[in-house]
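Asks: Here it is: the structure, laid out below.
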Amino acid sequence: TITNFGKEVEWVSIEDNPEDENTTHRKVPFSKEIYIEQEDFLENPPKKFFRLFPGGKVRLKGAYIIECNEVVKDINGNIIELKCSYIPESKSGNDTSGIHVKGTLHWVSVEHAVHAEVKLYDRLFHVENVAEAEGDFKEHINPNSLQVLDKVYAEPALLDTNSNNRYQFLRKGYFCLDKDSSSEKLVFNRTVTLKDTWAKEVKK
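Following this note's numbering, the numbering of the sequence shown begins with 387 at its first residue and continues without gaps.
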(Lines of atoms letter the chains of each structure in order from A; the text may use other names.)
(Lines give C-alpha, C1' and ligand atoms only; values in the text may rest on other atoms or scores of the structure.)
Protein backbone atom coordinates (compact mmCIF):
# COMPACT_ATOMS: atom_id res chain seq x y z
CA THR A 387 0.00 0.00 0.00
CA ILE A 388 1.34 3.43 -0.96
CA THR A 389 -0.05 5.40 1.94
CA ASN A 390 0.47 8.94 0.59
CA PHE A 391 -0.78 8.31 -2.95
CA GLY A 392 -4.03 10.27 -3.13
CA LYS A 393 -5.15 9.64 -6.71
CA GLU A 394 -7.48 6.82 -7.73
CA VAL A 395 -5.27 5.91 -10.68
CA GLU A 396 -2.46 7.41 -12.74
CA TRP A 397 -1.51 6.00 -16.12
CA VAL A 398 2.25 5.81 -16.61
CA SER A 399 4.18 5.07 -19.78
CA ILE A 400 6.52 2.05 -19.88
CA GLU A 401 8.67 1.00 -22.81
CA ASP A 402 7.93 -2.38 -24.37
CA ASN A 403 11.59 -3.19 -25.02
CA PRO A 404 14.15 -1.28 -22.89
CA GLU A 405 17.00 -2.47 -25.16
CA ASP A 406 15.49 -0.91 -28.29
CA GLU A 407 15.80 2.88 -28.54
CA ASN A 408 12.95 2.91 -31.07
CA THR A 409 10.63 0.78 -28.96
CA THR A 410 6.93 1.42 -28.53
CA HIS A 411 5.39 2.25 -25.15
CA ARG A 412 2.30 1.05 -23.32
CA LYS A 413 0.12 2.74 -20.71
CA VAL A 414 0.06 1.02 -17.31
CA PRO A 415 -2.30 1.93 -14.44
CA PHE A 416 -0.60 2.96 -11.18
CA SER A 417 -2.69 3.04 -7.99
CA LYS A 418 -2.52 3.11 -4.20
CA GLU A 419 -2.34 -0.67 -3.88
CA ILE A 420 0.13 -2.65 -5.96
CA TYR A 421 1.59 -6.14 -6.08
CA ILE A 422 5.32 -6.81 -6.23
CA GLU A 423 7.13 -10.14 -6.40
CA GLN A 424 7.35 -11.83 -3.00
CA GLU A 425 11.06 -12.42 -3.58
CA ASP A 426 11.60 -8.67 -4.08
CA PHE A 427 11.25 -7.99 -0.34
CA LEU A 428 13.38 -9.20 2.55
CA GLU A 429 12.85 -8.11 6.13
CA ASN A 430 16.49 -8.77 7.03
CA PRO A 431 18.42 -8.37 3.78
CA PRO A 432 22.07 -9.35 3.29
CA LYS A 433 24.58 -7.13 1.53
CA LYS A 434 24.10 -6.49 -2.19
CA PHE A 435 20.33 -6.93 -1.92
CA PHE A 436 19.09 -3.95 -3.91
CA ARG A 437 15.39 -4.72 -3.78
CA LEU A 438 12.94 -3.63 -1.09
CA PHE A 439 13.48 -3.88 2.68
CA PRO A 440 12.35 -1.89 5.78
CA GLY A 441 13.62 1.67 5.45
CA GLY A 442 14.93 0.99 1.95
CA LYS A 443 14.05 2.74 -1.30
CA VAL A 444 13.47 1.30 -4.77
CA ARG A 445 12.15 2.59 -8.04
CA LEU A 446 8.94 1.13 -9.40
CA LYS A 447 9.60 0.69 -13.11
CA GLY A 448 8.09 3.51 -15.13
CA ALA A 449 6.56 5.10 -12.04
CA TYR A 450 7.97 6.48 -8.77
CA ILE A 451 10.54 5.83 -6.07
CA ILE A 452 9.01 4.36 -2.92
CA GLU A 453 10.28 3.74 0.62
CA CYS A 454 9.14 0.87 2.84
CA ASN A 455 7.92 2.37 6.14
CA GLU A 456 6.11 -0.51 7.85
CA VAL A 457 5.73 -4.29 7.62
CA VAL A 458 2.31 -5.73 8.48
CA LYS A 459 2.03 -9.39 9.53
CA ASP A 460 -0.80 -11.79 10.38
CA ILE A 461 -1.12 -13.67 13.67
CA ASN A 462 1.24 -16.36 12.36
CA GLY A 463 3.98 -13.89 11.55
CA ASN A 464 3.48 -14.00 7.78
CA ILE A 465 3.95 -10.73 5.92
CA ILE A 466 0.64 -9.64 4.40
CA GLU A 467 1.27 -5.98 3.57
CA LEU A 468 4.03 -3.44 3.12
CA LYS A 469 3.13 0.15 3.90
CA CYS A 470 5.21 2.44 1.74
CA SER A 471 5.39 6.11 0.80
CA TYR A 472 6.22 7.48 -2.62
CA ILE A 473 8.24 10.55 -3.59
CA PRO A 474 5.95 12.62 -5.88
CA GLU A 475 8.80 14.39 -7.67
CA SER A 476 10.54 11.10 -8.49
CA LYS A 477 8.37 10.11 -11.44
CA SER A 478 10.27 8.23 -14.12
CA GLY A 479 11.97 10.71 -16.45
CA ASN A 480 12.48 13.37 -13.78
CA ASP A 481 15.85 14.29 -12.28
CA THR A 482 16.32 12.09 -9.20
CA SER A 483 20.09 12.46 -8.88
CA GLY A 484 19.69 13.51 -5.24
CA ILE A 485 17.92 10.27 -4.28
CA HIS A 486 20.13 7.22 -3.83
CA VAL A 487 18.36 4.18 -5.29
CA LYS A 488 19.94 1.07 -6.82
CA GLY A 489 17.01 -1.27 -7.36
CA THR A 490 14.12 -1.18 -9.83
CA LEU A 491 11.10 -3.44 -9.35
CA HIS A 492 8.29 -4.47 -11.65
CA TRP A 493 4.79 -4.22 -10.21
CA VAL A 494 1.11 -4.34 -11.09
CA SER A 495 -1.89 -2.41 -9.79
CA VAL A 496 -4.08 -4.58 -7.55
CA GLU A 497 -7.30 -3.07 -8.88
CA HIS A 498 -6.35 -3.51 -12.53
CA ALA A 499 -4.41 -6.79 -12.42
CA VAL A 500 -5.62 -9.70 -14.54
CA HIS A 501 -5.39 -13.34 -13.44
CA ALA A 502 -3.00 -15.57 -15.35
CA GLU A 503 -1.47 -19.02 -15.20
CA VAL A 504 2.20 -19.44 -16.02
CA LYS A 505 3.92 -22.69 -17.01
CA LEU A 506 7.65 -22.70 -16.32
CA TYR A 507 9.39 -25.29 -18.49
CA ASP A 508 12.94 -26.35 -17.66
CA ARG A 509 15.34 -29.13 -18.65
CA LEU A 510 13.73 -32.57 -18.77
CA PHE A 511 16.87 -34.28 -17.44
CA HIS A 512 19.52 -33.40 -14.86
CA VAL A 513 22.31 -34.56 -17.17
CA GLU A 514 23.33 -33.04 -20.49
CA ASN A 515 23.25 -36.31 -22.44
CA VAL A 516 20.94 -38.91 -20.91
CA ALA A 517 22.03 -41.54 -23.48
CA GLU A 518 25.53 -41.51 -22.00
CA ALA A 519 24.42 -41.45 -18.36
CA GLU A 520 24.63 -44.54 -16.17
CA GLY A 521 21.55 -46.30 -14.81
CA ASP A 522 17.89 -46.02 -15.73
CA PHE A 523 17.07 -42.83 -17.62
CA LYS A 524 14.16 -42.27 -15.23
CA GLU A 525 16.68 -41.63 -12.46
CA HIS A 526 17.86 -38.54 -14.32
CA ILE A 527 14.46 -36.95 -14.89
CA ASN A 528 14.20 -33.43 -13.48
CA PRO A 529 11.14 -33.36 -11.15
CA ASN A 530 10.96 -29.60 -11.64
CA SER A 531 10.95 -29.68 -15.43
CA LEU A 532 7.47 -28.17 -15.31
CA GLN A 533 6.15 -25.84 -12.64
CA VAL A 534 2.66 -24.39 -12.94
CA LEU A 535 1.95 -21.09 -11.20
CA ASP A 536 -1.80 -20.55 -11.13
CA LYS A 537 -1.98 -17.40 -8.99
CA VAL A 538 -0.18 -14.89 -11.15
CA TYR A 539 -1.26 -11.27 -11.55
CA ALA A 540 -0.38 -9.46 -14.75
CA GLU A 541 -0.80 -6.13 -16.49
CA PRO A 542 -4.20 -5.57 -18.16
CA ALA A 543 -2.40 -4.87 -21.47
CA LEU A 544 -1.92 -8.63 -21.83
CA LEU A 545 -5.65 -9.02 -22.45
CA ASP A 546 -4.92 -7.77 -25.97
CA THR A 547 -2.41 -10.52 -26.66
CA ASN A 548 -2.63 -13.10 -29.44
CA SER A 549 -1.02 -16.45 -30.20
CA ASN A 550 1.57 -14.91 -32.55
CA ASN A 551 3.07 -12.62 -29.93
CA ARG A 552 6.08 -13.36 -27.75
CA TYR A 553 6.75 -11.56 -24.48
CA GLN A 554 9.61 -10.98 -22.12
CA PHE A 555 8.43 -10.99 -18.51
CA LEU A 556 10.97 -9.00 -16.53
CA ARG A 557 13.57 -11.20 -14.80
CA LYS A 558 11.52 -14.32 -15.63
CA GLY A 559 12.18 -15.11 -19.27
CA TYR A 560 10.43 -15.21 -22.63
CA PHE A 561 6.86 -16.47 -22.92
CA CYS A 562 4.26 -17.33 -25.52
CA LEU A 563 0.50 -17.67 -25.23
CA ASP A 564 -0.78 -21.19 -24.49
CA LYS A 565 -3.46 -22.68 -26.76
CA ASP A 566 -5.73 -23.10 -23.71
CA SER A 567 -5.58 -19.40 -22.88
CA SER A 568 -8.80 -17.36 -22.79
CA SER A 569 -9.92 -13.85 -21.87
CA GLU A 570 -11.17 -15.26 -18.55
CA LYS A 571 -7.82 -16.89 -17.76
CA LEU A 572 -4.61 -16.11 -19.59
CA VAL A 573 -2.09 -18.95 -19.83
CA PHE A 574 1.55 -18.39 -20.80
CA ASN A 575 4.37 -20.87 -21.46
CA ARG A 576 7.99 -20.00 -20.76
CA THR A 577 10.19 -20.70 -23.76
CA VAL A 578 13.54 -19.25 -22.63
CA THR A 579 14.84 -18.48 -19.13
CA LEU A 580 16.86 -15.44 -18.06
CA LYS A 581 19.84 -15.19 -15.76
CA ASP A 582 19.03 -14.01 -12.22
CA THR A 583 22.00 -12.08 -10.81
CA TRP A 584 20.63 -12.17 -7.26
CA ALA A 585 20.17 -15.94 -7.41
CA LYS A 586 23.88 -16.17 -8.21
CA GLU A 587 24.72 -14.12 -5.12
CA VAL A 588 22.57 -16.36 -2.91
CA LYS A 589 24.40 -19.48 -4.11
CA LYS A 590 27.84 -18.05 -3.24
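A virtual CB, placed ideally from N, CA and C, is assigned to each residue, including glycine.
Under a Cβ-count criterion, where at least 16 other Cβ atoms within 10 Å of its own Cβ denotes burial, should Val558 be classed as buried or exposed?
Replies: The question names Val, but residue 558 is Lys in the sequence shown. Answer is buried; the Cβ neighbour count reaches 16.
Asks: According to DSSP, is Ser483 part of a helix, a strand, or is it coil?
Replies: DSSP, reduced to helix, strand and coil, places Ser483 outside both helices and strands of the structure shown, so it counts as coil.
Asks: Is Ala517 helix, strand or coil when you go by DSSP?
Replies: The answer is helix: DSSP assigns Ala517 an H, G or I state.
Asks: First and last residue of the beta strand (DSSP E) that includes Lys459?
Replies: Ile451 to Lys459
Asks: For Lys571, I'd like the list of residues in its chain whose CB is within less than 8 Å of its CB, leaving aside the five on either flank, ordered along the chain.
Replies: His501, Ala502 and Glu503
Asks: Taking 8 Å as the cut-off, decide whether the C-beta atoms of Glu429 and Val457 are in contact.
Replies: yes
Asks: Mapping the DSSP letters down to three states, classify Pro474 as helix, strand or coil.
Replies: DSSP places Pro474 in helix when its eight states are reduced to three.
Asks: CA-CA distance, Phe523 and Tyr553?
Replies: 34 Å
Asks: With a CB to CB cut of under 8 Å and the five nearest residues on each side skipped, what residues in its chain are close to Asn528?
Replies: For Asn528, where only same-chain residues beyond five positions count, the Cβ hits under 8 Å are Asp508, Arg509, Leu510, Phe511 and His512.
Asks: I'd like the list of long-range same chain contacts for Val395, defined as Cβ closer than 6 Å, with 5 residues on each side in sequence excluded.
Replies: Pro415 and Ser417
Asks: Kindly list the residues whose CB is nearer than 7 Å to the CB of Thr482, restricted to its own chain and excluding five residues on each side of it in sequence; keep chain order.
Replies: So the qualifying residues of the chain are Ile451 and Ser476.
Asks: What residue range does the beta strand (DSSP E) around Trp397 cover?
Replies: DSSP places Trp397 inside the beta strand (DSSP E), whose first and last residues are Glu396 to Glu401.
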